[in-house]
Structure formats: structure tokens, C-alpha cells
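Here the numbering used here is used: the sequence shown runs in plain steps of one and ends on residue 516. Glycine included, every Cβ here is placed at the ideal spot set by N, Cα and C. Quick caveat: nothing in here was measured; it's all calculated off a predicted structure. Report on one structure; see the data block that follows.
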Amino acid sequence: MAVARAGEVTLSGPPRDGGARPTVTCRPASVPVERRPAGPGTAPTVETAPGEPVASAPGEPVAGGSGDIRGGRPAGAADAGRAPGASAAATPAGSGEEGPDGRHRVPVPPTAAGSAGWLPLRTLTHHGPAGPVTIPLDDLDPYRDLDDPVPPARLDAEEAAEWQRVFDGAVAVLAATGADQGPGRLDPALIRAVVPYGRTAAVPPAAPTVAVSASSGDSFGAMLISRPGSALALAETLVHEFQHSKLAALLHLFPLLDDDREERYYAPWRADPRHLTGLLHGAYAFTGVAGFWRDRLAEPEHAEVAAYHFALRRLQSRLVVRTLRTSARLTAPGSRLVAGLARTLDGWLRVPVAPDALRRARTAAALHRTQWRLRNLAAPAAPDGTLRFRPDRGFWPDTRTHAFAVRPAAPRTADEHLAAGDPATALDGYAKDLAQDPADPHALSGWIVARAALDPGRATRRALTRPELHRTEPPGPEPHRQEPPGPSPHRPKPRPSRPAG
Numbered sequence: 016m017a018v019a020r021a022g023e024v025t026l027s028g029p030p031r032d033g034g035a036r037p038t039v040t041c042r043p044a045s046v047p048v049e050r051r052p053a054g055p056g057t058a059p060t061v062e063t064a065p066g067e068p069v070a071s072a073p074g075e076p077v078a079g080g081s082g083d084i085r086g087g088r089p090a091g092a093a094d095a096g097r098a099p100g101a102s103a104a105a106t107p108a109g110s111g112e113e114g115p116d117g118r119h120r121v122p123v124p125p126t127a128a129g130s131a132g133w134l135p136l137r138t139l140t141h142h143g144p145a146g147p148v149t150i151p152l153d154d155l156d157p158y159r160d161l162d163d164p165v166p167p168a169r170l171d172a173e174e175a176a177e178w179q180r181v182f183d184g185a186v187a188v189l190a191a192t193g194a195d196q197g198p199g200r201l202d203p204a205l206i207r208a209v210v211p212y213g214r215t216a217a218v219p220p221a222a223p224t225v226a227v228s229a230s231s232g233d234s235f236g237a238m239l240i241s242r243p244g245s246a247l248a249l250a251e252t253l254v255h256e257f258q259h260s261k262l263a264a265l266l267h268l269f270p271l272l273d274d275d276r277e278e279r280y281y282a283p284w285r286a287d288p289r290h291l292t293g294l295l296h297g298a299y300a301f302t303g304v305a306g307f308w309r310d311r312l313a314e315p316e317h318a319e320v321a322a323y324h325f326a327l328r329r330l331q332s333r334l335v336v337r338t339l340r341t342s343a344r345l346t347a348p349g350s351r352l353v354a355g356l357a358r359t360l361d362g363w364l365r366v367p368v369a370p371d372a373l374r375r376a377r378t379a380a381a382l383h384r385t386q387w388r389l390r391n392l393a394a395p396a397a398p399d400g401t402l403r404f405r406p407d408r409g410f411w412p413d414t415r416t417h418a419f420a421v422r423p424a425a426p427r428t429a430d431e432h433l434a435a436g437d438p439a440t441a442l443d444g445y446a447k448d449l450a451q452d453p454a455d456p457h458a459l460s461g462w463i464v465a466r467a468a469l470d471p472g473r474a475t476r477r478a479l480t481r482p483e484l485h486r487t488e489p490p491g492p493e494p495h496r497q498e499p500p501g502p503s504p505h506r507p508k509p510r511p512s513r514p515a516g
């Protein structure tokens, strides 16, 4: 429980025998409390202003203090006469020393190592232009999953070291663009906390195959992240989440749009429909991600994946910006923000990228939109044109976006053949999958996109635009019915491959 009053915050634990709660009171920064690091052979000290108390960590004594504080109250103190929730502190005395300025210095035990009553906060450290920067790696805070409070989940030493290793690499990636500001660039010193999600040990369990990251508008610069397997992936995630933090700060300052909070809009990076505020967050975050990959285009070791992700995210972000400009009731600040995003993305759409990367990006974008509509929309639409959503819609993993980042050298699956630029073989593979399950949205979306690459006529364009209508048509091999054929003469003859969508 937390109680704020008169510039103080009091944190209370669960009641003990007798009804009293252990508490710790956090006072304003105007009361100076300084922890000085230990030198060789010396203990660290806490320094306070004259007469100010020193509180201990729960379960730890205050060395040199006038009382033994455990759990925020004097050890052995009687419960009688103390109101439940009353806080306790100790005034330094005894083994400490008083300086000429009247400040009292008290030696305290090291806190870097844990004990029965103390869990030290892990940190990530890097060296910036202004010197060392320390960022909390918070595996203790009760709100680490952005939902109900959870107990601490300590990282083991190996996992913590792996976090530091990957973070060092991510800092190096971010530093490669220099100190200039721009979309997709980030000074790691601005990060306030990294909250590890999912696993507490390096092995087992294995890292999640789908990365998880999130942030809160009430905690600027803090981000929840499942540890990626590479420094490049972590750098991208840091940029992504800090974009959310920046926009959240703007939303605290200015109303940017009038949002009815109805979740009915397509977001190319989500499995579910989104409301307008979520759509704006995504557009702002992924414009930053597109900028991050644009900065990697000239790096030989990242050029192929950078070209793909830059081409994909600029296309998807521009689509969402168009939705915001046509569907959202933007305020004056919101209009300026969205117009700025549009100008940036329109300029980036003219940046040349490798043709094969562009083809894969357009195909991946078409696949996601097609599968999203198949999984979320019911056909036909309402008489007034309003989208009707399927009652059985739910989460589905987006396995294609990252799988299409690199051209497969030896394709085996239908998706891999499509990524490799062979839609004819992919079409056969999807048809075989649909013979087993005609309603499979993954296979059906692949079949529609592969067919559009082979036969970009009016009927296939219609199927790409409204794939949910495809579910209602009776089966049949005729091309005009757009039903998935098996390998047969009815399949259209292959034409030169072109990007889908």
C-alpha cells in the first residue's frame, strides 16, 4: 500500500501479528541523503543533514544507528501505543562521525550482495560521452507485467551477464549513427529502466520465439522487454519503446485526437483491431523503427535485413498515417504531428532499396493484411459499410514478418518459396495445405497473395482487397471463382514474378 501526503510517500507492507504494518517513508529530495561508495578497505557511508533520520532496507540494521531497524520499525519495539502503519526511523549516533558542516556520516554494510532481508537492484552500465551511465535492470518491481502486482523474479547471474552483453552491443549499434538526432535514433542515457520479461535464467527455458515489449505512459523511459537474441534486435526494441514513451509524454501535455476507443482499425503490426490512440502510437513507434533501419542501410553486415525492414515499416506506417488523416478527429497539435509523420514517410518512400528486399517487404505486408482480414472480419459488411467482426477472432502469431527478412537459400515450405520469389511453387504448397483444411487463414492468405503475384488481374485484386468474401464462395476449380485449386491445368500459367500488394 502507498500513501502520499505533504510531499512524502509511505510504502506499507502486509500487517504483522498485532496489526502493525512495516513501513518505509520516502521524503522529498530536498532532504539530502547521499550514499558514498566505498574505497579500498573502507565501508560505504550514508550522509544525512543534521538531525535527519536514516531508514534501513527491510530486514537490515542501520550500522551505527541508535536502533536496529528491521522492516522499517525498531527491532523489539512494542506494538502498544503505535498506530498501524506508523513509520519508524533511526537517528545516526554512536559509531558515525560528524563533519565540520554538521552532517553525520554513518558506515553501512555493502548492499551490492543480497541477504535474507535485502534484494539489491541489478543494473545495466554503459559509458557515454558524459561518463558512466547506470540503468536499472528491474526484476523486483511488483508492476513488471503492466497488470496485477507480481513477486520478484530474480535473474540468475548468467542471465544478468547476458543482458549486459546484449545491451553493450545494442549501445554500440545506436552509437554508430553519431550524436545527431532524428527518427529512430536514441541516446541510451535517456532510458530510465529496463524490465526483463519472461525468463530469469539463460537456460532453461529458451528465449521466446515471439519478442515481447511494452511501455507505460505513466513511467517515462521505462520499458518491459523479453531479452532478444541479438544486440541489433535489442537496439531496435529500445528505439521502438522509447518512441512510445515520447508520444505518451505528448499525450499527457496535449490532446492529439478525439478517440471513441472503439477497436475497429487495422494496424499492420497487430493481430487485433485497434482504436485510434493505439493506431497513433503504432504509427509513431514504427516510423521510428523505419528510421532505425534506414540508418543501417549503409552497414554491410546489416544491409539485407535493413533494406527489408525499412521498406516494410515505411510502407505500413504510411498506410496507418493515411487512416489517421482520413478517419481520426485530430486536434491542431495532432494534425501537425501526423502531417509531420506523413512528410517523413513520403520522403522515405522515395529512398531506393534493393529490389528483392522491396519485393519481400511488399509481399509480407500483403500477407499480414490478408490474414488479418480473414481472421478478424465477417462477410459481408453491414449495410452502412461498417465492418463486422468475427465472434471467434483471437490472437494469432505473425510468423511471416520476420521470416521474410532474408531470402531463403533452400526453400522448402510454401512461405519460403513465396519469400524466395517463386509464387508458382508456393501456390501448389498452399493448395495442398488447403486440401487438408480449406478454412486455414494462414494457407488461404498465402494462396491469395501467391495467385495475385502470378495473375495480377481484377479478380485477384478483389480477393486481395476483400479476402473475407472468399470464405463465402462455393468451391469450384474455375479461376473466376477464386477457389484454391490443387495442382492442375486450371492453375493460371506463371507470369514474371512481381511484388504482391
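Roughly how many angstroms lie between the CA atoms of residue i and residue j, to the nearest whole one?
i: Arg-481; j: Ile-463; result: 11 angstroms
i: Ala-379; j: Ala-246; result: 24 angstroms
i: Thr-140; j: His-417; result: 30 angstroms
i: Ala-357; j: Leu-364; result: 10 angstroms
i: Ala-172; j: Pro-135; result: 13 angstroms
i: Ala-441; j: Ala-131; result: 59 angstroms
i: Arg-180; j: His-432; result: 36 angstroms
i: Ala-204; j: Thr-138; result: 13 angstroms
i: Leu-155; j: Pro-243; result: 20 angstroms
i: Ser-234; j: Leu-268; result: 15 angstroms
i: Ala-420; j: Gly-129; result: 43 angstroms
i: Glu-316; j: Asp-399; result: 51 angstroms
i: Asp-470; j: Gly-303; result: 35 angstroms
i: Glu-153; j: Ala-216; result: Inspection of the sequence shows that residue 153 is occupied by Asp rather than by Glu. About 15 angstroms.
i: Pro-164; j: Trp-133; result: 19 angstroms
i: Ala-434; j: Gly-184; result: 29 angstroms
i: Ser-460; j: Asp-162; result: 34 angstroms
i: Pro-43; j: Pro-270; result: With a pLDDT of only 42 at Pro-43, under the threshold of 50, the placement of this residue in the model should not be trusted; the figure read from the coordinates follows. So the alpha carbons of these two residues sit roughly 31 angstroms apart.
i: Glu-174; j: Val-148; result: 20 angstroms
i: Ala-282; j: Val-320; result: 22 angstroms
i: Arg-506; j: Phe-307; result: Residue confidence for Arg-506 is low, a pLDDT of 43 falling below 50, so the modelled location carries little weight; the figure read from the coordinates is stated next. Approximately 41 angstroms, taken between the alpha carbons.
i: Trp-178; j: Pro-157; result: 20 angstroms
i: Val-336; j: His-296; result: 11 angstroms
i: Pro-370; j: Leu-239; result: 35 angstroms
Would you mind stating whether residue i and residue j have Cβ atoms separated by less than 7 angstroms?
i: His-290; j: Asp-310; result: no
i: Val-210; j: Arg-159; result: yes
i: Val-254; j: Gly-199; result: yes
i: His-259; j: Ser-241; result: no
i: Leu-265; j: Gly-349; result: no
i: Ala-250; j: Leu-170; result: no
i: Arg-422; j: Leu-382; result: no
i: Val-368; j: Ala-326; result: yes
i: Ala-305; j: Arg-279; result: no
i: Arg-207; j: Ala-168; result: no
i: Leu-389; j: Ala-396; result: no
i: Arg-377; j: Leu-360; result: no
i: Ala-394; j: Leu-484; result: yes
i: Ala-263; j: Gly-232; result: yes
Which class does residue i belong to by DSSP, given the choice of helix, strand or coil?
i: Pro-531; result: A question about residue 531 goes unanswered here, because the residues of the chain that appear run from 16 up to 516.
i: Ser-234; result: coil
i: Asp-275; result: coil
i: Trp-133; result: strand
i: Gly-146; result: strand
i: Ser-245; result: coil
i: Phe-182; result: helix
i: Tyr-158; result: coil
i: Leu-360; result: helix
i: Tyr-299; result: helix
i: Leu-442; result: helix
i: Pro-370; result: helix
i: Asp-457; result: Reading off the sequence shown, one finds His at residue 457, where the question assumed Asp. The answer is helix: DSSP assigns His-457 an H, G or I state.
i: Pro-11; result: Any answer about residue 11 is impossible in this case: the structure gives the chain only from 16 up to 516.
i: His-259; result: helix
i: Leu-152; result: strand
i: Tyr-281; result: coil
i: Leu-239; result: strand
i: Glu-174; result: helix
i: Ala-168; result: coil
i: Ala-286; result: coil
i: Leu-312; result: coil
i: Ala-2; result: For the chain, the structure presents residues 16 to 516; residue 2 sits outside this window and is missing.
Pull up the CB-CB distance for residue i and residue j, whole angstroms please, since I reckon it's below 8 angstroms.
i: Phe-410; j: Ala-286; result: 5 angstroms
i: Arg-375; j: Tyr-323; result: 6 angstroms
(Q) As an exercise, report each continuous beta strand (DSSP E) stretch of at least 3 residues that is fully enclosed by the region 193–219, in chain order. (A) 208–211
(Q) Quick check for students: name the residue ranges of the alpha helix (DSSP H) that lie wholly in the region 381–450, counting only runs of 4 or more. (A) 415–418, 429–434
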